[in-house]
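In the working numbering, the protein residues as written are 71 to 291.
Yeah, the Cβ is synthetic: ideal placement off N, Cα and C, and Gly gets one too.
Just so we're clear, the structure is a prediction, and the values are computed from it rather than from any experiment.
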Ligand code: GRF
């Protein structure tokens, strides 16, 4: 870990928070030079909030149901986030469509993880859609967030095989195991200053990445 001060991060979640846990574990193991200043969930009572509290991180619920519009919620959310002065906002299973203003405000300093090989299967039910299409490979992408849903430039992609006997749940577990590898990797690179967004492209060590991002392939099943 570098001697520079750790990168201040705010993590947004809506559910289980297993990706959040991977970041907490990486940080605790001394492998991730970050400080998670707060975890914010738009859904009350989710497991991810408990994980945050257990790790001694401030856990905040901001229920979107209490707001009259998407704009009103996003603006309140941005206010809460900015109170922590984060250098990076990490969307970890945050199941909300973002307003363009919100995306713009954090442009180049907000990452998301999406369970498909983007640009394939933006939106929901990605595992079933990969199965229905008969794909032989599937995976997960960490990308910078832009105003386009699941459309910002890819930083890292992990590719996994699709097996004949797979259903959406077995495929999802194989993909999730890789999520927990590549999200900490991307956050580490960002914290170390080697990963950036520039001219709507993800740039690693000064070199623009291909559309798929940095690819990690695994045959682990
Ligand atoms: C993950 O599958 C992620 O790819 C998607 O939402 C899920 C979040 O899982 N965006 P968890 O809450 O991190 O366990």
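Can you check whether the CB of residue 174 is closer than 9 angstroms to the CB of residue 217? Yes, the pair counts as a contact, with Cβ atoms nearer than the cut-off.
Check whether the Cβ of residue 90 lies closer than 8 angstroms to any heavy atom of ligand 1, and answer yes or no. yes
Do the CB positions of residue 93 and residue 79 come within less than 9 angstroms of each other? yes
When you measure from the CB of residue 246 to every non-hydrogen atom of ligand 1, does any distance come out below 8 angstroms? yes
Once you ignore the five residues that flank residue 179 on each side, which residues in its own chain have a CB closer than 6 angstroms to its CB? 158
Taking 8 angstroms as the cut-off, is the C-beta of residue 239 nearer than that to any heavy atom in ligand 1? no
Is residue 213 close to ligand 1? I mean its beta-carbon at under 8 angstroms from any heavy atom of the ligand. Because no heavy atom of ligand 1 lies under 8 angstroms away, the Cβ of residue 213 does not count as near it: no.
With H, G and I counted as helix, E and B as strand and the rest as coil, what does DSSP make of residue 100? coil
Between residue 191 and the rest of its own chain, which residues show a CB-CB distance below 6 angstroms, the 5 nearest in sequence each way excluded? 199
DSSP bridge partner residues for residue 278 (one or two, in chain order): 273
What are the complete beta strand (DSSP E) segments, minimum 3 residues, inside the stretch 197–275? 207–214, 224–231, 265–268, 271–274
For residue 150 and residue 213, I'd like the C-alpha separation in whole angstroms. 23 angstroms
Sort 81, 77, 182, 185 by Cα distance to residue 128 and report the nearest one. Residue 81 is the option with its Cα nearest to residue 128.
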